[in-house]
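This report refers to the structure that appears directly beneath it.
Residue numbers (this note's numbering): 1 to 332.
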């Protein structure tokens, strides 16, 4: 691990053309990783009754901070003092905090709710999730011109779903997500029932597949605007509370996935923003809304859809746009 940190600290300068650019990237990366270990420290404190992981995470966090400051921070100190400190993952941290808070409230409610109430609540949530998916898909594909309604991007959606499903099945993302949920259950909550993995996977998919996660993270990373992510945080906080009241503590671990996913998008925003045009984002929203609808179907036990294996479909519009640009460049 120390070797990895040393190599990373020595090579982070390579892609940058100026000290200012390097400084901004370092600030963002350091804040991202610092926040990552802060969240894990919070988890370790919460689960201290289950395992000695509290000590492990605290030691790892101290070692990381020491080496990152010793190897990197001092060499950049003169530049960092000249620049205003940035926080490209502030919106994501708010998002994770509300997910954790909502989950804890939901866990408290779970203890007092009868089983038949939990089942009815789960059905209600499933219906709402389906409605959100339908609404998002309609708003993304519906057009109105010359007094008539029409649709757009239907072919892109079909191709995205087909190719994304094929790629997801080859990788078997769903299997890996379930395995991760089982490992987390054994490590942190071995006394929980089988709903742990289901709660973690369902919440992770629900919080990550929507367009708000991508658009909000980009806006936070590039412009420092957290408006979209704050709105998403409120929605996710309420959703996590309801999910935790039925699926249990596994929902809490979706906050880690959200932090890594949105944080990575925020830090890479400068590089991927040129490829995320308004059209591409609309297409991603279209496909993501269909996946949200599929999550609702699964929550209602109507169909056992492997939504995890459909995740690559959300990013297929980016690939199609790149191919289109390449063809146009060759033809032009």
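Cβ coordinates follow ideal geometry from the N, Cα and C atoms, glycine included.
Buried is the label assigned to residue 262, since at least 16 other Cβ atoms lie within 10 Å of its Cβ. For a cut-off of 8 Å, the C-beta gap from residue 250 to residue 102 is around 14 Å, too long to register as a contact. Less than 9 Å separates the beta-carbon of residue 218 from that of residue 266.
With respect to residue 239, residue 206 sits close: the two C-beta atoms are nearer than 9 Å.
Note on residue 174: 16 or more other CB atoms within 10 angstroms of its CB, so buried under the neighbour-count rule. Secondary-structure assignment with DSSP links residue 142 through a beta bridge to 151. When DSSP states are grouped into helix, strand and coil, residue 268 belongs to the coil group. In the displayed model, residue 95 falls within a helix according to three-state DSSP. When the beta-carbon positions are compared, residue 160 and residue 320 come within less than 9 Å of each other. Judged by their CB atoms, residue 273 and residue 318 are not nearer to each other than the 9 Å cut-off. A straight line joining the alpha-carbon of residue 200 with that of residue 181 spans about 6 Å. The residues 241, in chain order, have a CB closer than 7 Å to that of residue 105 in the same chain once the five nearest residues on each side in sequence are set aside. Per DSSP, the unbroken alpha helix (DSSP H) holding residue 320 starts and ends at 316 to 331. Cβ-Cβ separation between residue 314 and residue 295: approximately 13 Å, too far for a contact (criterion under 8 Å).
Within the model, the alpha-carbon separation for residue 167 versus residue 309 is close to 8 Å.
With respect to residue 197, residue 172 sits apart: the two C-beta atoms are not nearer than 9 Å.
In terms of Cα proximity to residue 149, the closest of 157, 155, 323, 139 is 139. When C-alpha distances from residue 214 are compared across 229, 97, 96, 130, the shortest belongs to 229.
The shortest C-alpha to C-alpha distance from residue 234 to any of 137, 287, 93 is the one to 93.
Close CB contacts of residue 282 within its chain, under the 6 Å cut and outside five residues either way in sequence, are with 140 (chain order).
Of the other Cβ atoms in all chains shown, 16 or more fall within 10 Å of the Cβ of residue 185; this residue is therefore buried.
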